[in-house]
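Below is one structure, written out as C-alpha cells; the observations come after it.
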Amino acid sequence: MTLHSVTVPKWGLSMEDGLLVHWYVEPGARVGAGDPLIDIETPKITNTLEAVDAGIVRRILGNTGDTLPCGQLIAVIDDAEASDEEIEAFVAQSVAEIAAQQQNSTVARIEPQLVEVGDERMRYLAMGEGGVPVLFLHGFGGDLNNWMFNQPALSDGRHTIALDMLGHGGSSKAVADGSSASLARASLAAMDALNLGKVHLVGHSLGGAVAMEIAASAPARVASLTLICSAGLGSEISRDYIEGFLGAKRRRDLQKVLELLFADKALVTADMAEDVLKVKRLDGAEEALRKIAQANFPDCIQHEGTRETLASLTVPLLTIWGREDAIIPAGHAAKLPGRVEILEVAGHMPHLEKAAHVNALLVEHFAAASQS
Amino acid sequence: MPKKSYRQAINEALRQEMRRDPRVVLIGEDVAGGHGGSGEIDAYGGVLGVTKGLITEFGADRVIDTPITESGFIGMAAGAAATGLRPIVDLMFVDFLGVCFDQIFNQAAKFRYMFGGNARTPLVVRAMVGAGFRAAAQHSQMLDSMFTHVPGLKVVMPSNAYDAKGLLIQAIREDDPVIFLEHKTLYDTEADVPDDAYTIPFGEADIVRDGDDLTVVAFSAMVPRCKAVAEKLAKEGISIEVIDPRTTSPLDEATILESVERTGRLVVVNEDTPRCSMATDIAALVAEKRFYNLRAPIRRVTAPHTPVPFSPVLEDLYVPSTERIEAAIRASLGDPARIAAQ
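Sequence lines, in order, name chains A and B.
The C-terminal position of the first sequence is numbered 372 in the working numbering, with every residue numbered one higher than the one before it.
The C-terminal position of the second sequence is numbered 714 in the working numbering, with every residue numbered one higher than the one before it.
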C-alpha cells in the first residue's frame, strides 16, 4: 500500500496561494496518472492539476472556493486499500510535515540569479539537482517565467535551468545584432559560465531557433533538442502578434495581443498582461525587442534558414506544436526529422496550456535520448 | 521580482537616475539627513528616511542640504533647471507650498510658454501629502488640486511602490516641471519592484481592477482602499472597475470615459477637500461628456470642507474610510435595501 499526497502546487515565482476552482473527482473516484484532478486559479493563470500517481481518491481536503497556500494538502490518493485509520494517520502526518517545512526558514525560496557573461548580465532560474541538465529557452518577448508549469515538474531529480535570453526578462538589453545566432552565442556563454556541459535543450518559438543555432554550432553540448512551436522553420509569423506586442503600451491592449497565444483566451489574465508590460517598460527593453524582431522576422516574415541546419543534426529531436497556433502555423512541423507531436486544443503556448502532456513528452524524450 | 517598499522604490529611483545622469541633483531641507547637525552625516535620510544613503554616495555637491527657506531653494532649483541641471527638490510637507507659490506657479510653470517653447524646466518637486499621521492641519493636506489647476505643471500621485519608481524616473527625465506627491501612509507599503530602471508614461491610467457594474476613480492612498472594497463586493457578485489615473495632469480622460460608458455609474474617491478638487473635476468631466450613459448620479467621496483635525478620532473620520466608499458604491448601485441598510 502506498498513499500519495496531492498538494497546492507552486506555479511561478510569485505564487503564494491558489484558489480551488473546480474538482474533477470525488472521494472514491479511480484516477490514472495524468488525469485531471482540479482547476486551480492564481492571479496570473488558471491551470489544471493532474494526478501524478494512479489510485483511488480517498480524501478531498479543500473545497471549491477555498484559497489555500502552496504546499497545503488537498487530497490523498491510495493505490491499494488502506483503512480509514491509516488514511487519517497519513493526513495527520502530512499536515505536520508540511507545517514543519513551512516553519523551517532554511527552506530557501527559489529566486532567479544573475550570471556575468562577458560585459552582459543574464538572469536564470535553477531548480533541482542531478542528471543531464535541462536548459529552457523562452520565446520572443517572454522570459523564464514562461516555464512555470514545466520546470518544477521536471526538476525532480534533474538539474534544470530557465534562462532569460539577452534583451528579455532580467537579462541585459544589449542584443548585438539581435539575430538568433548572436542570442545563441550569448546563451552558450551562459552555459559555460554556469558550468553546464551537455544539456537537454528545450526551445520555444524564437528560443527554438536559438536552440537550433546552439545545436549546430556546438553539437557536443546538446544531449537532445526539443522545439516547441519553433521559429526558423518557415516564413509565416503573425503580424498582428509581433506588431501588436511591440506597439502595446497599455495593459488591456497587450492583453488582447497575448490572447492570440492561446487556444483558450480565458487563460490570459490582467496580472499576466501587467507582468509582461512591466518587463516591456524596463529601460532598453523595447529597443532590444524591436532589434530582435527586425533581425529575425523583418517586416513580419521569418528567416527560415534553420530548416536545413536541422536536417544535418544528429541529436535526438522532438518537435511539439499546438494545432491552433495562431502565431506560427503548425504546418511548419511538417517533414521535420525526429518525433513530431501536434497537440489539440493548444495554441502557441502548449507548455502552458497542455503542461502535463508536454512534461510527459519531455520526460520520455530525455529518457530515450540517454539510451541512444 | 523583489518586494520593496514605496520608500525604497523612491530611493532607488533617485539613486539610479543620479548615477545615470550627472545633471541630476537633490535639493531640500534635511535631504542629507543630519548634515550640519551634531556631526553625523546621513543619519536619517530626511524626515521619513527616503533619501537615506544618497549624500554618502553622491556627496554634498549633488545632495544639497538647505536652510528652512522654501522660497529660496525652490527658486534656486527652478533657475538651475532653466540653465542646464535637472534638480529634484524636496518640499518636505506639501503644506509648505504657500511660501513658494511664485517660484512654482509664476516662474517654473511659465518658462516654456513665455519663452516661445525655447526654455526647458526639468524640475521635479517632491512633497509628502495626506492625513493619517496625527500631524495636524499644517502637515496633513493633499493640495493636489492646486497644482493640477495650473497649466504648465505635471502632477503625479503614485499609489504603490511599483508606480512610484517608474513615475519618478519618468518625472526626472521630463523636460517640464513635475510635482510628485508621495502619500505618507504609503511609505511602508510593498510591491514587486524591478531592480532595473523603468518608466511609466504620464497620462496613462492604471486599471487596477476590471469590472462591469460601476467605475471607481481613486487617487493616491485611496487606491488600495478602493481596491479592498472592490474585492469585498466581488464576493457578493458586484463587479467594480477601479481606475487609478496616476497623474492628474495630464489626465487620462479616455480611460475614465470608456469605463463609464460601459458601467453607467461613477464614484470618485479622493482625500482632498471637495471644492474645486479632482473629485469634482472628474465628476464634471463625466457629467459633461457621458451624461447619457449615466444610470445613477455621480457620487464623490472626499474629505469634508474643513482643515485636517488634530484629534485622532476626528482625523480618522476626516479621511474617506472603506465604509464611506462602500456606502457610496451601494447607493450608486441603487439597491433600496442596500441604501436602507446604511
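We treat Cβ as the ideally placed atom computed from N, Cα and C, and that holds for glycine.
Put residue i into one of helix, strand or coil per three-state DSSP.
| i | result |
| --- | --- |
| A/Met-122 | strand |
| B/Lys-375 | strand |
| A/Val-107 | Interpretation of A/Val-107 is limited by its pLDDT of 45, a score under 50 that renders its predicted location unreliable; the figure taken from the coordinates is listed afterwards. Note: A/Val-107 maps to coil in three-state DSSP. |
| A/Glu-364 | helix |
| B/Gly-400 | strand |
| A/Tyr-398 | Any question about residue 398 of chain A goes unanswered here, given that chain A covers just 1 to 372. |
| A/Thr-48 | strand |
| A/Gly-203 | strand |
| B/Tyr-570 | strand |
| A/Gly-18 | strand |
| B/Thr-423 | coil |
| A/Leu-154 | helix |
| A/Met-127 | strand |
| B/Met-486 | helix |
| B/Ala-655 | helix |
| A/Thr-374 | The structure shown does not extend to residue 374 of chain A, since chain A is modelled only from 1 to 372, so the question has no answer here. |
| B/Ile-670 | coil |
| B/Gln-388 | helix |
| B/Ile-440 | coil |
Taking the continuous alpha helix (DSSP H) assigned at residue i, which residues delimit it?
| i | result |
| --- | --- |
| B/Glu-608 | Here B/Glu-608 belongs to no alpha helix (DSSP H), and DSSP marks it neither H nor E. |
| A/Lys-280 | 270–280 |
| A/Pro-350 | 350–353 |
| B/Glu-687 | 684–690 |
| A/Ala-373 | A question about residue 373 of chain A goes unanswered here, because the residues of chain A that appear run from 1 up to 372. |
| A/Val-25 | Element bounds for A/Val-25: n/a, residue is neither H nor E. |
| A/Arg-252 | 251–258 |
| A/Met-148 | Here A/Met-148 belongs to no alpha helix (DSSP H), and DSSP marks it neither H nor E. |
| B/Thr-694 | 694–705 |
| A/Arg-290 | 285–296 |
Are residue i and residue j closer than 8 angstroms when you measure CB to CB?
| i | j | result |
| --- | --- | --- |
| A/His-348 | A/Ile-320 | no |
| A/Thr-314 | A/Lys-44 | no |
| B/Ile-382 | B/Val-435 | no |
| A/Leu-49 | A/Leu-37 | yes |
| B/Cys-648 | B/Ser-517 | yes |
| B/Ile-615 | B/Ile-670 | no |
| A/Pro-27 | A/Arg-59 | yes |
| B/Asp-582 | B/Leu-705 | no |
Would you verify that the beta carbon of residue i is, or is not, closer than 8 angstroms to some beta carbon of chain A?
| i | result |
| --- | --- |
| B/Ala-743 | Any question about residue 743 of chain B goes unanswered here, given that chain B covers just 373 to 714. |
| B/Asp-564 | yes |
| B/Asp-616 | no |
| B/Glu-576 | yes |
| B/Ile-343 | As displayed, chain B neither begins before 373 nor continues past 714, which places residue 343 of chain B out of reach and without an answer. |
| B/Pro-530 | no |
| B/Gly-538 | yes |
| B/Pro-692 | no |
| B/Pro-573 | yes |
| B/Asp-393 | no |
| B/Ile-413 | no |
| B/Ile-579 | yes |
In the DSSP assignment, the beta strand (DSSP E) including residue i goes from what residue to what residue?
| i | result |
| --- | --- |
| A/Ser-113 | Note that residue 113 of chain A is Gln in the sequence shown, not Ser. It spans 113–117 - the beta strand (DSSP E) in which A/Gln-113 sits, taken as one unbroken run. |
| A/Pro-9 | Careful: A/Pro-9 lies outside any beta strand (DSSP E) and carries neither H nor E. |
| A/Ser-312 | Careful: A/Ser-312 lies outside any beta strand (DSSP E), inside the alpha helix (DSSP H) at 306–312. |
| B/Arg-647 | No beta strand (DSSP E) contains B/Arg-647, which DSSP labels as neither H nor E. |
| B/Asp-462 | 458–465 |
| A/Thr-397 | Residue numbering for chain A in the displayed model covers 1 to 372; residue 397 of chain A lies beyond these limits and cannot be assessed. |
| A/Arg-339 | 339–343 |
| A/Glu-236 | No beta strand (DSSP E) contains A/Glu-236, which DSSP labels as neither H nor E. |
| B/Arg-662 | No beta strand (DSSP E) contains B/Arg-662, which DSSP labels as neither H nor E. |
| B/Ile-476 | Neither: B/Ile-476 is in no beta strand (DSSP E) and is coded neither H nor E. |
Could you tell me whether the Cβ of residue i comes closer than 8 angstroms to any Cβ of chain B?
| i | result |
| --- | --- |
| A/Ser-14 | yes |
| A/Arg-250 | yes |
| A/Leu-289 | no |
| A/Ile-45 | no |
| A/Leu-282 | yes |
| A/Lys-278 | yes |
| A/Ala-218 | no |
| A/Ala-270 | yes |
Spell out whether any CB of chain D is found under 8 angstroms from the CB atom of residue i.
| i | result |
| --- | --- |
| B/Asp-474 | Protein chains in the displayed structure are A and B, and chain D is not among them. |
(request) Let me know the alpha helix (DSSP H) ranges lying completely inside the region 510–542 of chain B, each 4 residues or longer, listed in chain order. (result) 516–520
(request) Only counting runs of 4 or more residues, tell me where the alpha helix (DSSP H) segments fall wholly within the region 579–640 of chain B, in order along the chain. (result) Whole alpha helix (DSSP H) segments, 4+ residues: 594–606, 625–635.
(message) Extract the residue ranges of the alpha helix (DSSP H) inside the region 49–82 of chain A, only unbroken runs of 4 or more that lie entirely within it.
(response) For the region 49–82 of chain A, there is no continuous alpha helix (DSSP H) assignment of 4+ residues that stays within its boundaries.
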